[in-house]
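Q:
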Amino acid sequence: MVDEDVSTSWIQSKLLSGNPFIGSEFFDLYIRTFIRTLLAYDPDTPEREPGILGPVSAYYGCVEAQGRGSLHCHMLIWLEGSLNPNEIRDRIAGGQDIEFTNRLIRYLDDTIATHIPSSADNDGSDSRKVHPCHLRPIVRLPGEDDSSYNRRLLADLSQLAFKTQLHIHSHTCYKYWKGGTSPKTCRFELDQSNVRENTVADVTTGELTLRQLNGLVNPYNPTMLSALRCNMDIKFIGSGASAKAILYYITDYITKCQLKAHIAFGALDAALKKIGTYRPDEDTIANRGKQLLNKCAYAMLSHQELSAQQVASFLMGYGDYYTSHRFRSLQWTQFEQFIDNQYHSSECYPTFSSSNYEHGSRAENVVLSTGAEADTLDDDNGGLHEPQDGNDDGAQEDD
């Protein structure tokens with residue numbers, strides 16, 4: 001495919017907006033291919049060659065829609081034999097295992113890139129008429145030698161990194177800036193001065209600080225970028241405070257409320273107006289409360305924004321996450337009530353005394369499914385999982 005064969009962005013946008021099912025179906029195929037090919041995850045074939053990150057033991061990815069409606073995925077990947085953050089910190093701290101520390105640094109430097117590759121075929125100028133993400137990946141031509149192939153591959157990677165990974169400051173970078181004399185820093189912590197030539201291991205705290213050859217480049221994996229051809233941000237969840245910060249960021253990001261506060265309050269106000277004035281002679285306060293709760297819930301749901309591709313994805317059964325493992329839904333409230341009924345402890349209720357708490361009154365009708373009953377439970381998570389046998393077609397995962 002050459003530049004002339006690629007349709008314009010406007011034509012592509014019109015096609016996608018007219019049929020969002022295309023985008024949803026392509027995204028599902030895209031992610032599944034990434035898992036199967038680049039991650040090489042296949043629990044049924046243990047002798048299979050590992051993927052580009054190493055042998056993968058598990059993954060979990062949440063699907064979201066951007067402001068313009070296109071889908072993207074935030075994914076956590078676990079590697080076989082990987083250590084938890086505390087174990088990594090202990091191995092690094094004190095300099096007691098220098099060999100382990102050096103091997104880990106070599107792996108991370110080889111896996112994560114933070115610069116724009118230089119290429120004789122790419123001077124960094126915007127010479128292409130077509131965005132490199134719109135073109136297919138570089139493939140070796142028949143009879144092409146290694147030198148020619150690697151040169152074309154590097155030039156393509158250089159263009160991709162320049163177009164997708166190089167950060168350009170905008171007003172959103174400083175949305176939390178308070179003005180005045182407070183420091184005006186990019187909230188993404190990307191700045192030209194943020195450069196580190198080498199990955200550093202602090203033997204005192206056990207923390208790793210990865211190298212950053214270009215302060216404005218989002219970390220990426222070269223092989224992933226060449227194959228996926230989209231923006232990505234890859235991070236190593238390693239040791240110490242940095243690992244906790246990343247985990248907090250991921251959790252906060254994927255659980256953020258999609259409904260803006262002012263829209264939610266407007267919906268609640270409309271629900272209150274719809275329910276009308278309370279008339280004690282016609283209705284009980286308990287029933288009134290239930291009606292208000294229902295109307296508020298329906299009003300907020302009706303104001304929830306969903307992109308066309310998200311809706312299409314659910315209609316086609318793709319769900320909103322990808323996972324390597326099955327999960328069972330746990331009705332936590334009922335479970336908690338059952339435990340409290342069996343092993344009540346007044347210490348769990350410091351504001352109530354045992355005299356005014358009726359033991360067992362909260363869970364008289366709770367029954368937990370066990371044994372064969374539990375085996376008949378369905379996967380209620382609405383997502384996708386890898387098939388566990390040959391008869392399961394997959395009710396089952398840059399950036």
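The sequence shown begins at 1 in the UniProt record's numbering and counts up one residue at a time. Glycine included, C-beta positions come from ideal geometry on N, C-alpha and C. This structure is a prediction, so every number in the text was calculated from the model and none was measured.
1. Quick one: any contact between the stretch 279-298 and the stretch 325-332, if contact means 3 or more CB pairs under 8 angstroms?
2. Taking the alpha carbon of F162 as the reference point, which residue from A286, Q337, V217 and E49 has its own alpha carbon closest?
3. Below 8 angstroms on the Cβ atoms is my guess for P137 versus A227; work out the distance and round it to an integer in Å.
4. Since I believe N214 is in contact with T114 (beta carbons under 8 angstroms), could you give me their beta-carbon distance rounded to a whole number of angstroms?
5. Apart from the five residues just before and just after L268, which ones in its own chain have a Cβ nearer than 6 angstroms to its Cβ?
6. Tell me the residue span of the beta strand (DSSP E) that contains T323.
7. Under a three-way DSSP split, which group does I77 fall into?
8. Residues in its own chain within less than 6 angstroms of D42 by CB, not counting five upstream and five downstream?
9. Taking T223 and R211 to be in contact with their CB atoms under 8 angstroms, please state how far apart those CB atoms are, rounded to whole angstroms.
10. Answer yes or no: do Y30 and T323 have a C-beta to C-beta separation smaller than 8 angstroms?
11. Going by CA-CA distance only, name the one from R68, H74 and C62 that's closest to K14.
12. Quick test of your reading: I52 and N221, contact by CB under 8 angstroms. State the CB separation rounded to the nearest angstrom.
13. Kindly identify the DSSP beta-bridge partner or partners of Q212.
14. Please say whether S147 and S118 have beta carbons closer to each other than 8 angstroms?
15. According to the Cβ coordinates, are R89 and G206 closer than 8 angstroms?
16. Quick check on this structure: which residue in L79, F21, A261 and F34 has the alpha carbon closest to the alpha carbon of H303?
17. Is the beta carbon of P46 closer than 8 angstroms to that of A243?
18. Applying the criterion that 16 or more other CB atoms from any shown protein chain within 10 Å of the CB defines a buried residue, is Q12 buried or exposed?
19. Could you please give the first and the last residue of the uninterrupted alpha helix (DSSP H) stretch that includes E336?
20. Given the structure, does P43 come close to the ligand HEM, in the sense that its CB is under 7 angstroms from one of the ligand's heavy atoms?
21. From R91, W332, N150 and I263, pick the residue whose C-alpha is nearest to that of L208; which is it?
22. Classify S355 as helix, strand or coil using the three-state DSSP reduction.
23. What residue range is occupied by the uninterrupted alpha helix (DSSP H) comprising G289?
24. At the level of alpha carbons, what is the spacing between W10 and G238?
25. Taking Cβ positions, are L38 and F236 nearer each other than 8 angstroms?
26. Smallest Cα separation from K175: which of H167, R187 and L166?
27. Got a sec? Which residues, its chain only, sit under 7 angstroms from A270 by beta carbon, not counting five neighbours each side?
28. Could you spell out the range, first to last residue, of the alpha helix (DSSP H) harbouring E25?
29. Any idea what DSSP makes of Q12, helix, strand or coil?
30. Assuming contact is defined by CB atoms lying nearer than 8 angstroms, are I63 and W78 in contact in what I supplied?
31. How far does the beta strand (DSSP E) with residue 433 in it extend, from its first residue to its last?
32. Decide if T164 is buried, meaning its Cβ has at least 16 other Cβ atoms within 10 Å, or exposed.
33. Contact defined as beta carbons within less than 8 angstroms: I believe L225 pairs with L160. What is the distance between those atoms, to the nearest angstrom?
34. Span of the alpha helix (DSSP H) holding M224?
35. Which class does G266 belong to by DSSP, given the choice of helix, strand or coil?
A: With the structure as the only source:
1. With the cut-off at 8 angstroms, the stretch 279-298 and the stretch 325-332 do not touch.
2. Within the sequence shown, the letter at position 162 stands for residue 162. The alpha carbon of F162 has as its nearest neighbour, out of A286, Q337, V217 and E49, the alpha carbon of V217.
3. The sequence position of residue 137 within the sequence shown is 137, counting from 1. The sequence position of residue 227 within the sequence shown is 227, counting from 1. Confirmed, Cβ separation roughly 6 angstroms.
4. The residue you call residue 114 lines up with position 114 of the sequence shown. The residue you call residue 214 lines up with position 214 of the sequence shown. Contact flag correct, Cβ pair sits at about 6 angstroms.
5. Residue numbering aside, residue 268 sits at position 268 when the sequence shown is read from its first letter. Closer than 6 angstroms at Cβ, skipping near neighbours: C296.
6. Within the sequence shown, the letter at position 323 stands for residue 323. Unbroken beta strand (DSSP E) run through T323: Y321 to T323.
7. Residue mapping note: residue 77 aligns to position 77 of the sequence shown, counting from 1. Correct three-state label for I77: strand.
8. Counted from its first residue, the sequence shown places residue 42 at position 42. Cβ-Cβ distances below 6 angstroms link D42 to R48 in the same chain, with the five nearest sequence neighbours on each side left out; the list follows chain order.
9. Translated into the one-based positions of the sequence shown, residue 223 becomes position 223. Translated into the one-based positions of the sequence shown, residue 211 becomes position 211. The Cβ separation is near 18 angstroms, so there is no contact.
10. The count along the sequence shown starts at 1 and reaches residue 30 at position 30. The count along the sequence shown starts at 1 and reaches residue 323 at position 323. Against a cut-off of 8 angstroms, the Cβ pair of T323 and Y30 comes out as no contact.
11. Taking the sequence shown and counting its residues from 1, the one referred to as residue 14 is at position 14. Cα-wise, what sits closest to K14 is R68.
12. For this step, residue 52 is matched to residue 52 along the sequence shown. For this step, residue 221 is matched to residue 221 along the sequence shown. The Cβ separation is near 7 angstroms, so the contact holds.
13. Translated into the one-based positions of the sequence shown, residue 212 becomes position 212. Answer is R196, bridged to Q212.
14. Counted from its first residue, the sequence shown places residue 118 at position 118. Counted from its first residue, the sequence shown places residue 147 at position 147. Taking 8 angstroms as the Cβ cut-off, S118 and S147 do not qualify as a contacting pair.
15. Here residue 89 corresponds to residue number 89 of the sequence shown, with the count starting at 1. Here residue 206 corresponds to residue number 206 of the sequence shown, with the count starting at 1. For R89 and G206, yes; Cβs fall inside 8 angstroms.
16. Working through the sequence shown from its first residue, we reach residue 303 at position 303. Ranking the options by Cα distance to H303, first place goes to A261.
17. Walking along the sequence shown from the start, residue 243 turns up at place 243. Walking along the sequence shown from the start, residue 46 turns up at place 46. Not closer than 8 angstroms, so no.
18. Counting from 1 along the sequence shown, the entry for residue 12 is found at position 12. Exposed is the call here.
19. Residue mapping note: residue 336 aligns to position 336 of the sequence shown, counting from 1. Per DSSP, E336 belongs to the alpha helix (DSSP H) from W332 to Q342.
20. Of the ligands one can find in the structure shown there are none, so the ligand HEM has no counterpart to examine.
21. As a first step, residue 208 is located in the sequence shown; it is residue number 208 there, counting from the start. Closest option to L208, Cα to Cα, is R91.
22. Locating residue 355 in the sequence shown gives position 355, counting from the first residue. At S355 the pLDDT is 47, less than 50, meaning the model places this residue with poor confidence; the figure from the coordinates comes in the next sentence. DSSP places S355 in coil when its eight states are reduced to three.
23. Here residue 289 corresponds to residue number 289 of the sequence shown, with the count starting at 1. Where G289 is concerned, the enclosing alpha helix (DSSP H) stretches over I285 to S302.
24. On the sequence shown, residue 10 is found 10 positions in, with the first residue counted as 1. On the sequence shown, residue 238 is found 238 positions in, with the first residue counted as 1. Near 42 angstroms, if we compare the C-alpha coordinates of G238 and W10.
25. What you label residue 38 is simply residue 38 of the sequence shown in a count that begins at 1. What you label residue 236 is simply residue 236 of the sequence shown in a count that begins at 1. Against a cut-off of 8 angstroms, the Cβ pair of F236 and L38 comes out as no contact.
26. For the purposes of this step, residue 175 is taken as the residue at position 175 of the sequence shown. Per the Cα distances, R187.
27. Mapped onto the sequence shown, residue 270 falls at position 270. If we look at A270 and ignore the five residues flanking it on each side, its Cβ neighbours are A299.
28. Counting from one through the sequence shown, the residue named residue 25 turns up at place 25. Counting along the chain, the alpha helix (DSSP H) containing E25 begins and ends at P20 to T33.
29. Against the sequence shown, residue 12 aligns to sequence position 12. In the structure shown, Q12 sits in a helix (DSSP, three-state: H, G or I).
30. Mapped onto the sequence shown, residue 63 falls at position 63. Mapped onto the sequence shown, residue 78 falls at position 78. For the record, residue 63 in the displayed sequence is Val; it is not Ile. The criterion of a C-beta distance shorter than 8 angstroms is not satisfied by V63 and W78.
31. Since the first residue of the chain shown is 1 and the last is 399, residue 433 is not available in this structure.
32. Working through the sequence shown from its first residue, we reach residue 164 at position 164. Buried.
33. As a first step, residue 225 is located in the sequence shown; it is residue number 225 there, counting from the start. As a first step, residue 160 is located in the sequence shown; it is residue number 160 there, counting from the start. Their Cβ separation, rounded to whole angstroms, is 5 angstroms, which keeps L225 and L160 in contact under 8 angstroms.
34. The sequence position of residue 224 within the sequence shown is 224, counting from 1. Run containing M224: P222 to L228, per the alpha helix (DSSP H) assignment.
35. As a first step, residue 266 is located in the sequence shown; it is residue number 266 there, counting from the start. Correct three-state label for G266: helix.
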